[in-house]
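Visitor: The structure under discussion is supplied below as structure tokens; questions concerning it will follow.
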Amino acid sequence: MSLLDVTDLKVHFHDAAPERFAVNGVSFSMEEGDVLGLVGESGCGKTVTSMCISGLLPRWKADTEGRITLEGTEIFNCTQAELNRILGKDLGVVFQEPMTSFNPVYRIGRQVAESLYVHEHALTRDQKKKRVLDALGRVGLPEVKEVYRKYPHELSGGMLQRAMIAAAIVTNPRLLIADEITTALDVSIQARIIDLLRKLNREMGMAILFISHDLHVVNRLCQRVIVMQRGKIVESGRTKDVFLHPQHDYTKQLIAAIPSRKRTVIWLPDGREADGYIDRKRSNS
Ligand SMILES: Nc1ncnc2c1ncn2[C@@H]1O[C@H](COP(=O)(O)OP(=O)(O)O)[C@@H](O)[C@H]1O
Ligand SMILES: [Mg+2]
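Next comes the structure, spelled out in structure tokens:
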């Protein structure tokens, strides 16, 4: 049994034209520990796909077809109570959108602890606090005891993004969905978040569905990649194969659209070293 199976997923928003599907027949699987990239231009259906997987797509807004199973549980057949048991426990989700980000009036510690209050009733208050401090440490935040007591506005963008990842992993989920989480960050913080995700994958065996329109970042993180266009998968495979030998015109266009400094990295066998080389060359000139 796969960790995640998405089979012929279709999504139609009630207010869209009858023939217009936001997601139109998407199928893919993830195994334990997979790091899968989902790429494609804005509006191609990445977020809608991730919302379906996490049971967050409001049923009154859209009709869905197809099947999604997460660790054997069929998401579309779940009651709200069952969905609540999965989300924040076996499945962690980080969105870029403020919708799921922190509430400004509560301290970071309390918000990172949220899933523990929902899912880990057996833990004492002190045990929960210890788990939160541990999660804040794992995402690489310094001075975790101080971060614990801070309010969201007291953290920088990069620190806040780390704290949100901490909130998503505090229950040790089997799958983390990260939807455009590096998009608003500057390049050096992006690189650190990517290193962090790699570490979580390696050390905890956490599978990651990494959604981004930044092919450069996907290339550095993901073993496999899926390319979406207008609700459909047009190409998928090992990241290196897809980016080195794109078969589909749309994938070729996406790659051609990457700024040249970044494009160079993709053509070299070791992304990280290539990056350093290019930066050195730049600073010399
Ligand atoms: N709440 C909504 N109501 C109607 N249409 C929506 C809604 N959310 C998304 N869509 C449509 O679904 C399609 C896919 O959107 P989305 O998954 O957000 O794209 P992206 O790949 O940029 O994440 C878009 O065409 C968008 O217009
Ligand atoms: Mg999106």
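Reading the sequence shown from the start, the letters are residues 1 to 285 in the numbering used here.
Just so it is clear, CB atoms sit at the ideal spot from N, CA and C, and this is done for glycine as well.
Could you please give me the residues that DSSP links to residue 164 through a beta bridge?
Guide: Its beta-bridge partners do not exist; DSSP assigns none.
Visitor: Going by DSSP, name the residue or residues bridged to residue 24.
Guide: Residue 24 pairs with 10.
Visitor: Can you give the Cα-Cα distance for residue 131 and residue 200, rounded to whole angstroms?
Guide: Spanning the two alpha carbons is a distance of roughly 15 Å.
Visitor: If the criterion is Cβ atoms closer than 7 Å, does the pair residue 22 and residue 11 meet it?
Guide: Yes; because the gap between Cβ atoms is below 7 Å, this pair is in contact.
Visitor: When every heavy atom of ligand 1 is checked, does at least one fall within less than 6 Å of the C-beta of residue 46?
Guide: The answer is yes for residue 46.
Visitor: My understanding is that residue 288 touches residue 136, with C-beta atoms under 8 Å, so please give their C-beta distance in whole angstroms.
Guide: With the chain covering 1 to 285 only, the question about residue 288 has no answer from this structure.
Visitor: Does DSSP classify residue 42 as helix, strand or coil?
Guide: In the structure shown, residue 42 sits in coil (DSSP, three-state: anything other than H, G, I, E or B).
Visitor: So what does residue 175 bridge to, in DSSP terms?
Guide: BP columns for residue 175 point to 91, 207.
Visitor: From the DSSP output, which residues share a beta bridge with residue 229?
Guide: The partner list for residue 229 (beta bridge, DSSP) reads 232.
Visitor: Counting contacts by CB-CB distance shorter than 7 Å, is residue 49 in contact with chain B?
Guide: This model lacks chain B altogether, as it is built from one protein chain only.
Visitor: Secondary structure at residue 53, three-state DSSP: helix, strand or coil?
Guide: If DSSP states are grouped into helix, strand and coil, residue 53 belongs with the helices.
Visitor: Which first and last residues belong to the beta strand (DSSP E) in which residue 154 is found?
Guide: Careful: residue 154 lies outside any beta strand (DSSP E) and carries neither H nor E.
Visitor: Tell me the rounded alpha-carbon separation between residue 258 and residue 231.
Guide: If I take the Cα positions, the gap works out to 22 Å.
Visitor: Which same chain residues end up closer than 7 Å to residue 291 when comparing Cβ atoms and leaving out the 5 residues on each side of it in sequence?
Guide: Since the first residue shown for the chain is 1 and the last is 285, residue 291 is missing from the structure and cannot be characterised.
Visitor: If distances are taken between C-alpha atoms only, which option among 61, 33, 14 comes closest to residue 224?
Guide: Selected option, being the one with the closest Cα: 33.
Visitor: Give the C-beta separation of residue 53 and residue 177 to the nearest angstrom, bearing in mind that I take them to be a contact with Cβ-Cβ under 8 Å.
Guide: Confirmed, Cβ separation roughly 6 Å.
Visitor: Nearest CA to the CA of residue 62: which residue from 207, 48, 226, 38?
Guide: Checking every option, the nearest Cα to that of residue 62 belongs to 48.
Visitor: For residue 181, which beta-bridge partners are listed by DSSP?
Guide: BP columns for residue 181 are empty, so no partner.
Visitor: Under 6 Å Cβ to Cβ from residue 89, same chain only, skipping five residues before and after it: list those, please.
Guide: The answer, listed in chain order, is 119, 171.
Visitor: Would the beta-carbon of residue 50 fall within 7 Å of that of residue 31?
Guide: Going by C-beta atoms, residue 50 is not nearer than 7 Å to residue 31.
Visitor: Could you give the residue range of the beta strand (DSSP E) that holds residue 66?
Guide: From DSSP, the beta strand (DSSP E) with residue 66 extends over 62-70.
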